[in-house]
Every structure is written in C-alpha cells, then in structure tokens.
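S.K.: Sequential numbering from 326 applies to the sequence shown in our numbering.
This is the structure I want to talk about, given as structure tokens.
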Amino acid sequence: MAIFVIDKKIKFLFVLLIISLGVSFLAWSEYAIFADSDNDGTSDSFDNCPLNPNMDQSDFDLDKSGDVCDTDDDNDGVKDNLDQFDTDPLEWADFDFDNLGANQDSDDDNDGLTDMEDSFPILVSQKLVEENLSEIESCAILETGTSKLLCYSQFFQSLVVKEENNVDTLELALSLTQLGAVDDCHFISHEIGHAAYAENSNIFENLSGVDGSVCRGGFYHGVMAAYFHELQENNKDMGEYKTICNDFIGKPEYTKCVHGLGHGITHYFINDLNSAINACDQMSFYQSSICVGGVFMQYTDDELTRSTSIKQDIQNICPKSDLRIFDYQQCRDNLGLSIAFHTDHDLEEGSKLCDMIIDDMGKQYCHRGLEREINDAKEYKVYDPTKGVRELMQPVWIKENDSNKWIVDFRSPSKISNVVYDETTKMMQFSFDAPYRIIIYMSTDLLPENPVVMINGQQNDFEIQHGLYDNHSMIQIMPKNSGVVLIS
Numbered sequence: 326m327a328i329f330v331i332d333k334k335i336k337f338l339f340v341l342l343i344i345s346l347g348v349s350f351l352a353w354s355e356y357a358i359f360a361d362s363d364n365d366g367t368s369d370s371f372d373n374c375p376l377n378p379n380m381d382q383s384d385f386d387l388d389k390s391g392d393v394c395d396t397d398d399d400n401d402g403v404k405d406n407l408d409q410f411d412t413d414p415l416e417w418a419d420f421d422f423d424n425l426g427a428n429q430d431s432d433d434d435n436d437g438l439t440d441m442e443d444s445f446p447i448l449v450s451q452k453l454v455e456e457n458l459s460e461i462e463s464c465a466i467l468e469t470g471t472s473k474l475l476c477y478s479q480f481f482q483s484l485v486v487k488e489e490n491n492v493d494t495l496e497l498a499l500s501l502t503q504l505g506a507v508d509d510c511h512f513i514s515h516e517i518g519h520a521a522y523a524e525n526s527n528i529f530e531n532l533s534g535v536d537g538s539v540c541r542g543g544f545y546h547g548v549m550a551a552y553f554h555e556l557q558e559n560n561k562d563m564g565e566y567k568t569i570c571n572d573f574i575g576k577p578e579y580t581k582c583v584h585g586l587g588h589g590i591t592h593y594f595i596n597d598l599n600s601a602i603n604a605c606d607q608m609s610f611y612q613s614s615i616c617v618g619g620v621f622m623q624y625t626d627d628e629l630t631r632s633t634s635i636k637q638d639i640q641n642i643c644p645k646s647d648l649r650i651f652d653y654q655q656c657r658d659n660l661g662l663s664i665a666f667h668t669d670h671d672l673e674e675g676s677k678l679c680d681m682i683i684d685d686m687g688k689q690y691c692h693r694g695l696e697r698e699i700n701d702a703k704e705y706k707v708y709d710p711t712k713g714v715r716e717l718m719q720p721v722w723i724k725e726n727d728s729n730k731w732i733v734d735f736r737s738p739s740k741i742s743n744v745v746y747d748e749t750t751k752m753m754q755f756s757f758d759a760p761y762r763i764i765i766y767m768s769t770d771l772l773p774e775n776p777v778v779m780i781n782g783q784q785n786d787f788e789i790q791h792g793l794y795d796n797h798s799m800i801q802i803m804p805k806n807s808g809v810v811l812i813s
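Structure (structure tokens):
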C-alpha cells in the first residue's frame, strides 16, 4: 500500500513538471513571437530589420530586408555607402556633385564639354572607384572608426604603388569623404603620404603640386612623418630640420609643411614627448606653435591606436606633471581631435571618452578639440578648400643669427615684402600687397616701449598683446588699402 502511494505521488509530480514546462514553453513562444528588440513597434517575427528601429518598415527593393539594414537598397550591386542614388537601380555615381547621376548627366566632370565631346568624360575619382569598387566597399561597410580607418589605410597604401599621380589618389580620398564613405580623409591622406615617400624619398618633389588644403594637409603630414621615421630607423641626425619647409614660405602650403614637421619629429623621438616639443621650440614663436600642434596630433593618435583599454589609458595620455600648462592644454585639445577620428566624428561617443578624463581642465580642452574637429569636418564636406582667400604664414629673418629671437612671423593673406628693421631705433617697415588683416608675432625685446603704427604715412589703430610665450608680443592691424607699414 505504501509503494502504491509513493508511486502515485511520483506520477503526480511528473504531471506537474510537464505542465510547468509546457507553460514555460508557451510563455517563451509568446515572448519570441511578440518580442521587439529594437522597440520600433513591430515584433521581431514580422520586423524586416529586427535590430534596427524602422517604424515604417520601408523596403524599397522588396527583398524582405528593410532599408535601414539593407546595404544595397536598390539592388544595383553598389553598396549604399557609395551609392548616391540608393533608390534608383539605374544610377549610383555623381562625382561632380551636381545631383545628376552619370547616366543622366551629359557632362560628368563639369568641364563644359559634353561626355560625347570629352576625351576624358569622367573625373579621376570616379574612374578609381569603378576600378577598385570591391576593395572600397569592403572598407565602407565596417562599423567602427578605427577598423575602417585601418582598412582604408591599407587600401590607399596599395593604390599609391599602382597609381603614378598622388594628386589622383588624394582626389579619390576627398571624394569618398564627400560621399560619406570615408568619415574624414585627413588621417587616410597621412597614409597616402607615408606610401608616397616610400616610392620617392624627395620631400620637395612629393609635396610640390599638391594643394595643402586637400584633406586638410594630411598628405604633407604623412610625407614628413615618413621622412623623420626613416632618419630615426637609420640613426641619422635630424640635420637642418628647421629650414626643411623654407621652399614653401609665402605659399599656403608652408603652414601644412611646418605642422607636418611636428608629426615627423614625433616619429623621430619615439616615446619622448618633451624632446619633440623642445625641437619645435627651437623655431620661431608661431612656427613652434604650428609644429607643436603636429606633435600632439601625432602623439594622441598613436596613443589611441595602440590602446587596448581607452578607459584606463586616457588618463595617462598627455601626462600633466611632465608638460608645461599650455602644452598640456594643447595636448588635451588634440586628444579631442584624435578622438573624433576614432569615433567616426560622433559627438556623443567622443564626449563619453572626453568625460573619462578626471581633471576638469583636461576634460574641457578635450571637449573643445572634439567639437571643433567635428564642426570643421562638416564644413569641409560642403565647401571647396582650394578656393577663396587663404592666409599665408610668412616668417622673416630680420638679422642673420641662429637665435629664433630674430625671426618675425607674419600671418596674412597679403604678401609681405621689403622688410627692414633697425636694431638701434627698433623701427620696422614692410610692404603689403592687399588690404587684409595682418598679424605679427615678434620678440618683445625688438619692439619700442610704446609702439606707434603708421600705414602709408597715416597713424593707424592697432591691437597689441604682450606676455606671450618666450617673451613675445602680437600686433594686429587692419589696413584699408595696400601700401607700407611703419612700426616705431
């Protein structure tokens, strides 16, 4: 009788277990059927993009993959990252950015000749995309900024070897930026510069003919970095590094070259940030400022690229105890800039990294650099940087001497010429060819105690600021006509 009761209890418990499992299964089934992973109001079972919110469930090509997660909305064989007409299976290319697809456009390169009349009807950027479409698409579809950057870097390095003209390769990088397939071509053009130097080690030949504004000077930075890296690898002295950019004085490219010098010096002094800064400090006041900017840009990018744990490493990037206060500020500012490139210029994601910095000053400068870079990148995609008035950086040696004290730096779109300085009276005179703002940086010791500015013989208002780094002053004047300036 006892055995019968136990057996009956076991059967009862077994039935309860079956019922429990059944209820659990039904609950799970109901959850699976009605689950909505992306919270867009459509359950996963019926959602054509279950992991991407798309309330309208649009599916242009009716392939059961919604447009927001379909990499080729019109099924024309070109990924949406490159397709400028992703809902038109007959069009994809518009490399002259006139909103007309290549099939409809009768003048694909906007040179005034119809394609029928034109011996070269398409732009070189379109030609290169068509020839390298699969390689470009494989990079364009990558999601993370760092992996995409590395992918494009490898692609462009190989392209430099295949293509004779570096300008063409840079045009492709710029076009991919404007298409949105590349977040920003600046760091990619660094890699183009590295590869170009490997093909031709003559710095001037590499840089001549390349507009320094294309991809915001990244090509210049890359060439200079490769040059100094080679010096370091072969245990060679940096030599006359301070004059390496002098052939570009009076041209817009000079600033890009000096900034690139900072990138190169950072490669030369591996893991020795202060030696790199000190090398820049041997130049004139404004040259040094531009050069140090290149140092910190290269340094912060290297640190982020090497990092395996940004949260832990970000505190040690820009060591505050080892840097002068203004160098620390500039370093954190450049960290924000580099973060922008490593997060696809995503302000929210970049801000999270800046917020990991403990001290308020460092955090503030990081955010400032991040926001400025994101805004600059947006503007760069909608205007032609090679057009319009461009500022020139024009250092002038007013006395033959190794000391940077005797270099006066001029910043202005105006061409500065006929500079004369009298050491006894501390009077300086120069000519300028156009009525644009002129900024002058010079050692305070070279200025009279209470300077007066005359333009074409008439006393003129000006701004002056003393107390800049290394005992320098800044003078700013706003002439209304071209002519001659006398400071006495």
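Here a beta-carbon is modelled for each residue, glycine too, at the ideal position from N, C-alpha and C.
According to the Cβ coordinates, are G542 and K581 closer than 8 Å?
M.R.: Locating residue 542 in the sequence shown gives position 217, where the first residue counts as 1. Locating residue 581 in the sequence shown gives position 256, where the first residue counts as 1. Yes, these two residues count as a Cβ contact at 8 Å.
S.K.: Would a C-beta distance cut-off of 8 Å place V745 and V721 closer than the cut-off?
M.R.: For the purposes of this step, residue 745 is taken as residue 420 along the sequence shown, with counting starting at 1. For the purposes of this step, residue 721 is taken as residue 396 along the sequence shown, with counting starting at 1. Contact: no.
S.K.: State buried or exposed for E462, treating a residue as buried only when at least 16 other CB atoms are found within 10 Å of its CB.
M.R.: Translated into the one-based positions of the sequence shown, residue 462 becomes position 137. By the neighbour-count rule (16 or more Cβ atoms within 10 Å), E462 is buried.
S.K.: For L499, which option in W731, A702, I802 and M779 has the closest C-alpha, if you only look at C-alpha atoms?
M.R.: Numbered from its first residue, the sequence shown carries residue 499 at position 174. When C-alpha distances from L499 are compared across W731, A702, I802 and M779, the shortest belongs to A702.
S.K.: Which same chain residues, not among the five before or five after Q827, have their C-beta less than 6 Å away from its C-beta?
M.R.: Limits of the chain in this structure are 326 at one end and 813 at the other, which puts residue 827 out of reach.
S.K.: Fully enclosed by the segment 521–578, which beta strand (DSSP E) runs are 3 residues long or longer?
M.R.: none
S.K.: So Y746 is in the alpha helix (DSSP H); what residue range does that whole segment cover?
M.R.: Against the sequence shown, residue 746 aligns to sequence position 421. Premise fails: Y746 lies in the beta strand (DSSP E), I741 to D747, not in any alpha helix (DSSP H).
S.K.: Below 8 Å on the Cβ atoms is my contact criterion, and I expect D626 with S600 to pass it. Report the Cβ-Cβ distance as a whole number of Å.
M.R.: Indexing the sequence shown from 1 puts residue 626 at position 301. Indexing the sequence shown from 1 puts residue 600 at position 275. That pair is no contact at about 18 Å.
S.K.: Whose CA, out of D647, N428, H797 and V486, lies closest to the CA of I447?
M.R.: By 1-based counting over the sequence shown, the position of residue 447 is 122. Here the closest residue by C-alpha is N428.
S.K.: Assign G792 to one of three DSSP states: helix, strand, or coil.
M.R.: In the sequence shown, the residue the question calls residue 792 occupies position 467. It is a strand residue.
S.K.: Kindly give me the distance between the Cβ atoms of K578 and G537, rounded to whole angstroms, as I take these residues to be in contact under 8 Å.
M.R.: Numbered from 1 along the sequence shown, position 253 holds the residue referred to as residue 578. Numbered from 1 along the sequence shown, position 212 holds the residue referred to as residue 537. The question names Lys, but residue 578 is Glu in the sequence shown. The pair is a contact, with the Cβ atoms about 4 Å apart (cut-off 8 Å).
S.K.: Going by beta carbon distance, what residues of the same chain come within less than 7 Å of Q719, once the five residues before and after it are set aside?
M.R.: Taking the first residue of the sequence shown as 1, we reach residue 719 at position 394. I574, G575, F735 and I741, listed in sequence order.
S.K.: Tell me which same chain residues have a C-beta within less than 6 Å of the C-beta of P804, skipping the five on either side of it?
M.R.: Position 479 of the sequence shown holds residue 804. Cβ within range, chain order: P760 and I780.
S.K.: Nearest-angstrom Cα distance between D795 and D597?
M.R.: As a working mapping, residue 795 is identified with position 470 in the sequence shown. As a working mapping, residue 597 is identified with position 272 in the sequence shown. For D795 and D597, the distance between alpha carbons rounds to 22 Å.
S.K.: Does DSSP put V620 in a helix, a strand or coil?
M.R.: Stepping through the sequence shown from its first residue, residue 620 is reached at position 295. It is helical.
S.K.: Beta carbon of F512, beta carbon of L556: below 8 Å?
M.R.: Here residue 512 refers to the residue found at position 187 when the sequence shown is read from its first residue. Here residue 556 refers to the residue found at position 231 when the sequence shown is read from its first residue. No, Cβ-Cβ distance for F512 and L556 is not below 8 Å.
S.K.: Just verifying my parser: in three-state terms, what is the DSSP assignment at I732?
M.R.: Working through the sequence shown from its first residue, we reach residue 732 at position 407. Strand, per DSSP.
S.K.: Is there at least one non-hydrogen atom of the ligand MG closer than 7 Å to the beta-carbon of A521?
M.R.: Among the ligands in the structure shown, none appear at all, so the ligand MG cannot be discussed.
S.K.: Shortest alpha-carbon distance to I528 belongs to which of K688, E496, N560 and A551?
M.R.: Along the sequence shown, one-based indexing puts residue 528 at 203. Closest by alpha carbon: A551.
S.K.: Do three or more CB pairs link the segment 672–686 to the segment 509–526 at distances below 8 Å?
M.R.: no
S.K.: Helix, strand or coil for S463 per DSSP?
M.R.: Working through the sequence shown from its first residue, we reach residue 463 at position 138. S463 falls in the helix class under three-state DSSP.
S.K.: Just the C-alpha distance for I765 and F666, rounded to the nearest angstrom, thanks.
M.R.: Taking the first residue of the sequence shown as position 1, residue 765 is located at position 440. Taking the first residue of the sequence shown as position 1, residue 666 is located at position 341. Spanning the two alpha carbons is a distance of roughly 33 Å.
S.K.: In terms of residues, what are the limits of the beta strand (DSSP E) holding M441?
M.R.: One-based indexing of the sequence shown puts residue 441 at position 116. No beta strand (DSSP E) contains M441, which DSSP labels as neither H nor E.
S.K.: So the beta strand (DSSP E) Y766 belongs to, where does it begin and stop?
M.R.: As a position in the sequence shown, residue 766 is number 441, starting the count at 1. It spans I763 to S768 - the beta strand (DSSP E) in which Y766 sits, taken as one unbroken run.
S.K.: Going by DSSP, name the residue or residues bridged to P720.
M.R.: Taking the first residue of the sequence shown as 1, we reach residue 720 at position 395. Looking at the DSSP assignment, P720 forms a beta bridge with D734.
S.K.: Out of V492, D509, I699 and G808, state which residue places its alpha-carbon closest to the alpha-carbon of S478.
M.R.: Residue 478 sits at position 153 when you count from the first residue of the sequence shown. With distances taken between Cα atoms, S478 lies closest to D509.
S.K.: Output the distance between the C-alpha atoms of H584 and Q784, rounded to the nearest integer angstrom.
M.R.: Here residue 584 corresponds to residue number 259 of the sequence shown, with the count starting at 1. Here residue 784 corresponds to residue number 459 of the sequence shown, with the count starting at 1. Cα to Cα, the separation comes out at about 36 Å.
S.K.: Just the Cα atoms here: how many angstroms apart are M608 and V548?
M.R.: Numbered from 1 along the sequence shown, position 283 holds the residue referred to as residue 608. Numbered from 1 along the sequence shown, position 223 holds the residue referred to as residue 548. When rounded, the distance between both Cα atoms is 20 Å.
S.K.: Chain D beta carbons: is any one of them nearer than 8 Å to that of A360?
M.R.: Here there is only one protein chain, and chain D is not present.
S.K.: Would you say V810 and F757 are within 8 Å of each other, going by their C-beta atoms?
M.R.: By one-based count along the sequence shown, residue 810 stands at place 485. By one-based count along the sequence shown, residue 757 stands at place 432. Cβ atoms of V810 and F757: closer than 8 Å.
S.K.: Using CA coordinates, which residue listed in E696, Q637, E628 and S634 is at the minimum distance from D658?
M.R.: Residue 658 sits at position 333 when you count from the first residue of the sequence shown. Closest option to D658, Cα to Cα, is E696.
S.K.: Rounded to a whole number of angstroms, what is the C-alpha to C-alpha distance between H791 and V403?
M.R.: Stepping through the sequence shown from its first residue, residue 791 is reached at position 466. Stepping through the sequence shown from its first residue, residue 403 is reached at position 78. Taking the straight line joining both Cα atoms gives about 58 Å.
S.K.: Taking the beta carbon of D408 as the centre, do at least 16 other beta carbons fall within 10 Å, making it buried, or is it exposed?
M.R.: As a working note, residue 408 is residue 83 in the sequence shown. Buried: at least 16 other Cβ atoms inside 10 Å.
S.K.: According to DSSP, is F350 part of a helix, a strand, or is it coil?
M.R.: In the sequence shown, counting from the first residue as 1, residue 350 sits at position 25. Reliability of the predicted coordinates at F350 is poor, the pLDDT of 45 falling under 50, and the value obtained from them is presented with this limitation in mind. F350: helix per DSSP, three-state reduction.
S.K.: Please report how far the alpha carbon of T494 lies from the alpha carbon of M799, in whole angstroms.
M.R.: Position 169 of the sequence shown, counted from the first residue, corresponds to residue 494. Position 474 of the sequence shown, counted from the first residue, corresponds to residue 799. Looking at the two C-alpha atoms, the distance is approximately 40 Å.
S.K.: To the nearest angstrom, how far is the alpha carbon of E698 from that of A465?
M.R.: In the sequence shown, residue 698 corresponds to position 373, counting from 1. In the sequence shown, residue 465 corresponds to position 140, counting from 1. In a straight line, the C-alpha of E698 is about 21 Å away from that of A465.
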